[in-house]
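Presented below is the structure to which this report refers.
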Amino acid sequence: MTARAGSSAGAASGSPAPGPPASGPPASGPPPGALRRPSRHARHRRKLVAAAALLAAPVLAHLGIGAATRIEPPPIRAVAGEPAAGPAGLRVLGPAYARRRGRILEARLAGSPEEIGHQHGRLFYPEMVQNEGTLHEQFRRYVPVAPLRWLLMDLSRLQFRGVDEGMSDGVRREIAAQARAFSPDPFDGVLPTYHRFIFLQSLYDIALSFEHSPLIGCTSFALTGAASAGGHAVLARNFDFEAGPLFDEGKAVFLVHEQGKIPYASVSWPGLIGAVTAMNAAGLALVVHGGRAGEPRAAGEPVVHTMRDVLGRARGVDEALAILEARAPMVSHLVMLVDAAGEVAIAERAPGAPLHARRGRGKVPLTNHFEGPLAGDPRNQRVEAETSTHARRRRLDERLAALPDGATVEAAVDVLRDRRGPGGAPLPLGDRRAIDALIATHAVVMDATARVLWVSEGPHLAGRFLRFDLAQLLAPTFDPALDPAEPEALPEDPLLTSGDYAAWERAGSPHAGELGSNASGSSVGDGERGRDAP
């Protein structure tokens, strides 16, 4: 190009050009000193390189985040063994077992952290695959654009890269054994198994860190002394969690025997034996409610594992409060505690704030707002202004005030199934201002004195409540093969037999009382029954 341009310039000035004469017409070119424009090919090549760089940058960033945030499992002792079929539908693995009780799974897990993790991963492998697959389907449904899903996953990995640091060594070893037992892993391409299980074990805290958490909706109450039959200490709760039917249909009662700790029973789902609703063999019962105060933290001990430690070490409310006071929570929440002696306390917890305990006796209600020093927190005030917490609390106060002394378990279940607003005003089925908004994944009545659980079979609270005798089930000598009889049950709600529930499902299972929409508790008339509120 340089020689040809020089030749053309010489011809234009009349001077002889050096070298042999051109054999064809003079080559055209820019005037002397002019800048040459890149060829079309060069311009397109630069655009392609720039486009490739733009496309590669997110991929490289994604790979870099994956490498930098990977949570590695601790070294663990290998555990072997596969489930074997036993009598009466039992699945048995060493001292552990799983069986169906009506529509509820019942399982015993026992031994060291590695043994419990292995038992969990092998006994519940089919259920865990189904459960996690449903979660991924929901994620794809609500975030249909794949690059956006990757971005959200990367942001979560960055934000919660240290979430395992607040877990005890025993919990990490248990999760590592559970991850090793979860084989083959159909979701390994999403995140490595152990890393993913750490996130799943922290699901409650991660969900509560969202401003519009699906966990701000639970209702509980305690009955002690003359308020309950025989003077028993009773704790009743609805666990409202709008994460699809998976958690309702696949609920489990875990009977956990950790080495050197008090055995306990937890109502949750396969994959999680941390506690949100539980009672131990000493008669300490607890429930966790979502709340909103303080600034969520990405590191710390997930609440479900704090509750496990409380159940494994505390025999009464005072010991439980001492354990809670010594732990730093990741997210704000409320814990209602009841023990066999009839003591009741509500622990209000938030990151960076001292624990505040409210004591009570007789009839003690709880929904989702703080009433102690955190009551003035702007986040708590938003919960009070924008959610159904006050509407449910007013209705709960009315129902408890109307309960005669000596209330039975049946009476407690009837309160949990209440679907009216304050003053008895009718509400549409599924209205979140009702105590029973048809969103609970489980409901439980715990008799701490008798060590008995009554657990909702589903759907929601409409099905039977099955009886689990923990005095028997948590005994070290209990043999499930010698106990084939179906458990006692309280009858299903007439809502199922009347056809109203089926009609509600055919209408799309509408839920009125959305956040910010008439959540203050004003009633909805009969003419609006079945309609979905805006």
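So the sequence shown is numbered by my numbering: it starts at 717 and just counts up by one.
Built from N, CA and C at the ideal position, the CB exists for glycine as well.
Looking at C-alpha atoms only, which residue of the options is the closest neighbour of residue i?
| i | options | result |
| --- | --- | --- |
| Leu1050 | Thr935, Ile832, Ala897 and Val808 | Thr935 |
| Gly1092 | Arg1075, Ala1042 and Ala1069 | Ala1069 |
| Tyr841 | Arg1075, Arg793, Arg1136 and Phe898 | Phe898 |
| Gly933 | Gly1006, Asp1113, Asn996 and Val906 | Gly1006 |
| Pro789 | Tyr910, Ile978, Arg1031 and Val983 | Tyr910 |
| Ser1048 | Gly1058, Val1099 and Asp1055 | Val1099 |
| Pro799 | Ile792, Pro791, Arg793 and Ala812 | Ala812 |
| Gly976 | Leu1002, Ala1030 and Ala1014 | Ala1030 |
| Pro900 | Leu1119, Arg1115 and Val845 | Val845 |
| Glu1208 | Asp1199, His1176, Glu1221 and Pro1226 | His1176 |
| Arg877 | Ser918, Val887, Glu848 and Gly837 | Ser918 |
| Gly1076 | Gly849, Val1033 and Ala1044 | Val1033 |
| Asp880 | Arg786, Thr1124 and Val1131 | Arg786 |
| His948 | Leu1169, Ile1155, Leu806 and Ala1056 | Ala1056 |
| Leu868 | Ile922, Ile792, Pro1142 and Phe1086 | Ile922 |
Are there 16 or more other CB atoms within 10 angstroms of the CB of residue i, so buried, or fewer, so exposed?
| i | result |
| --- | --- |
| His1106 | buried |
| Ala981 | buried |
| Gly1139 | exposed |
| Gly740 | Residue confidence for Gly740 is low, a pLDDT of 49 falling below 50, so the modelled location carries little weight; the figure read from the coordinates is stated next. Its Cβ having fewer than 16 others within 10 Å, Gly740 is exposed. |
| Ala738 | With a pLDDT of 46 at Ala738, under the threshold of 50, the modelled position of this residue cannot be trusted; read the value that follows with caution. Exposed, since its Cβ has fewer than 16 Cβ neighbours within 10 Å. |
| Arg1109 | buried |
| Gln835 | buried |
| Arg1008 | buried |
| Ser984 | buried |
| Asp1163 | buried |
| Val861 | exposed |
| Ala1042 | exposed |
| Tyr1217 | buried |
| Lys1079 | buried |
| Asp904 | exposed |
| Thr1213 | exposed |
| Tyr920 | buried |
| Gly1058 | buried |
| Leu971 | buried |
| Glu974 | buried |
| Ala1123 | buried |
| Thr1165 | buried |
| Gly805 | exposed |
| Arg720 | Low per-residue confidence applies at Arg720: pLDDT is 40, beneath 50, and the placement is therefore not dependable enough to give any value. |
| Thr1103 | buried |
Check this for me: beta carbons of residue i and residue j, under 7 Å apart or not?
| i | j | result |
| --- | --- | --- |
| Gln1151 | Arg1111 | For clarity, residue 1151 is Ile in the given sequence; the question names Gln instead. It is a contact, given that the beta carbons lie within the stated cut-off. |
| Arg1148 | Gly1229 | yes |
| Gly987 | Gln854 | no |
| Leu825 | Ala968 | no |
| Phe963 | Thr1083 | no |
| Asp1121 | Ala942 | yes |
| Gly993 | Phe955 | Position check: residue 993 holds Thr in this sequence, whereas Gly was assumed. It is a contact, given that the beta carbons lie within the stated cut-off. |
| Leu1190 | Ala998 | no |
| Phe913 | Ala893 | no |
| Arg1259 | Glu1202 | Limits of the chain in this structure are 717 at one end and 1250 at the other, which puts residue 1259 out of reach. |
| Glu890 | Ile978 | no |
| Arg1024 | Ala991 | yes |
| Leu1053 | Ala1038 | no |
| Pro1081 | Phe915 | no |
| Val887 | Glu830 | no |
| Ala875 | Ala1066 | First, the amino acid is wrong: residue 875 is Gln here, not Ala. Not in contact: Gln875 and Ala1066 (Cβ atoms no closer than 7 Å). |
Could you spell out the range, first to last residue, of the beta strand (DSSP E) harbouring residue i?
| i | result |
| --- | --- |
| Ile820 | Ile820 to Gly827 |
| Phe955 | Val950 to Asp956 |
| Leu1002 | Ala1001 to Gly1006 |
| Val808 | Arg807 to Leu809 |
Tell me where the alpha helix (DSSP H) around residue i begins and ends.
| i | result |
| --- | --- |
| Pro1081 | It is not in any alpha helix (DSSP H) - Pro1081 instead sits in the beta strand (DSSP E) that spans Lys1079 to Leu1082. |
| Ile914 | Thr909 to Gln917 |
| Leu1040 | Val1033 to Glu1041 |
| Asp1130 | Val1125 to Leu1132 |
| Pro886 | Reading off the sequence shown, one finds Gly at residue 886, where the question assumed Pro. Here the alpha helix (DSSP H) through Gly886 covers Asp885 to Ala897. |
| Gly797 | Run containing Gly797: none; DSSP gives neither H nor E here. |
| Thr1103 | Per DSSP, Thr1103 belongs to no alpha helix (DSSP H) and is neither H nor E. |
| Gly1139 | That residue, Gly1139, is in no alpha helix (DSSP H); it is neither H nor E in DSSP. |
Per the DSSP calculation, residue i is bridged to which residue(s)?
| i | result |
| --- | --- |
| Tyr980 | Val972 and Asn996 |
| Arg1065 | His1049 |
| Trp1170 | Val1161 and Arg1183 |
| Arg816 | Leu821 |
| Ser944 | Ala1123 |
| Ser668 | This structure cannot speak to residue 668, because the chain is shown only from 717 to 1250. |
Just to check, is the beta-carbon of residue i closer than 6 Å to a non-hydrogen atom of the ligand FMN?
| i | result |
| --- | --- |
| Asp1195 | The model on display carries no ligand, and the ligand FMN is accordingly not part of it. |
Determine, for residue i, whether the minimum Cβ-Cβ distance to residues of chain D falls below 7 Å.
| i | result |
| --- | --- |
| Asp870 | Checking the listed chains, one finds no chain D in this structure; it contains a single protein chain. |
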